[in-house]
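Here the sequence shown is numbered in our numbering, starting from 4 and rising by one per residue.
Just so it is clear, CB atoms sit at the ideal spot from N, CA and C, and this is done for glycine as well.
Here the structure is a predicted model, which means the values were calculated and not measured.
Working notes, beginning with the structure itself.
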Amino acid sequence: MDACSLHVRSYGADLGADRHDFAQLVLPLGGAVLLDIDGRQDRLDPLRGACVAPGAWHAQTGVGPNESLILDVATTAMSHPAWERLLERPFMPLGPGARKLVEFMGAMRAQPVLVRGWMPLLLDTLALDAPRPASRLAALLARIEAEPGLPWSTDSMARSAGLSISRLHALFRAELDTSPHAWLRGVRLSRARAWLADTTRPIADIALAAGFSDQSALTRALRDVTGMTPGAYRRKGRETLPSAVARE
């Protein structure tokens with residue numbers, strides 16, 4: 004293999020554990036992937052990535068439609084000092100800077116020489132992001148992700164986190180580069196998209212369970228992001244997912 008090769012890959016059902024003699028960065032562009040690395044599990048999405056060490060057993064399962072930037076790096080090309088920190092912990096948060104780089108590199112994947120030139124900056128950015136101190140938002144984010152259908156508002160989110168509304172906005176901007184409302188909408192859409200792709204639940208039920216006021220609200224939100232209605236998104240996911248599944 005080249006010293007550094009880049010792919011954009013989608014994952015489907017678990018195809019069993021695998022390992023290889025090179026390092027691999029798994030950086031989601033969209034959707035979510037469940038990844039097990041030597042018995043440690045985590046859910047990857049555009050806010051969370053992973054570093055698979057050479058020789059580590061790993062297996063992955065896609066959660067609905069998904070797409071990840073995959074960087075395979077030979078051990079001979081791992082001289083950058085950031086690798087030591089990245090290999091200490093297999094899973095890492097993706098801060099605003101890292102996310103912008105991942106999006107750019109994914110968009111420029113047809114020009115691998117150009118993309119490889121951005122690798123040192125990406126590694127530095129990932130190393131700065133991981134590990135991060137415990138977030139004041141961690142418990143709130145976990146609760147919302149577990150129960151997106153509750154009637155969350157900026158006020159109730161602030162009260163749940165023990166913060167003022169202004170402090171809540173400041174922390175969301177500093178840690179997630181977004182607003183509480185935009186993040187909540189993204190969580191609800193992500194959950195609705197997963198249910199549309201993976202279940203046969205009625206669309207109206209999915210809308211309410213994900214926290215939308217009704218099916219029309221879900222339709223408007225999904226159209227804003229994907230240009231598709233929930234029904235079209237469900238059909239598209241089932242048509243394309245089998246052919247998009249790739250194995251390392």
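Is it the case that the Cβ atoms of residue i and residue j are separated by a distance below 8 Å?
i	j	result
L50	E106	no
I147	L187	yes
V66	A16	no
H184	T157	yes
A85	A130	yes
F25	A62	no
T79	A197	no
R43	P93	yes
L252	M160	The structure shown does not extend to residue 252, since the chain spans only 4 to 251, so no value can be given for it.
A207	A195	no
Buried or exposed: which applies to residue i, given that a residue is buried once 16 or more other Cβ atoms fall within 10 Å of its Cβ?
i	result
P151	buried
G19	exposed
S13	buried
E91	exposed
D48	buried
G52	buried
R124	The amino acid at residue 124 is misidentified as Arg; the sequence shows Leu. L124 comes out exposed.
Would you mind reading off the limits of the alpha helix (DSSP H) that contains residue i?
i	result
R92	Run containing R92: none; DSSP gives neither H nor E here.
S82	Run containing S82: none; DSSP gives neither H nor E here.
R191	183-201
T157	157-164
Q218	218-229
L211	206-212
F175	168-179
Over what stretch of residues does the beta strand (DSSP E) that includes residue i continue unbroken?
i	result
R43	43-47
DSSP puts residue i in a beta bridge; with which residues?
i	result
G65	V36
G152	Paired residue(s): none; G152 is not in a bridge.
V55	Q27
R12	S71
D21	H61
Between residue i and residue j, which are expected to be in contact by the criterion C-beta below 8 Å, what is the C-beta distance as a whole number of angstroms?
i	j	result
V11	G109	6 Å
I73	Q114	Incorrect: roughly 16 Å between the Cβ atoms, too far for contact.
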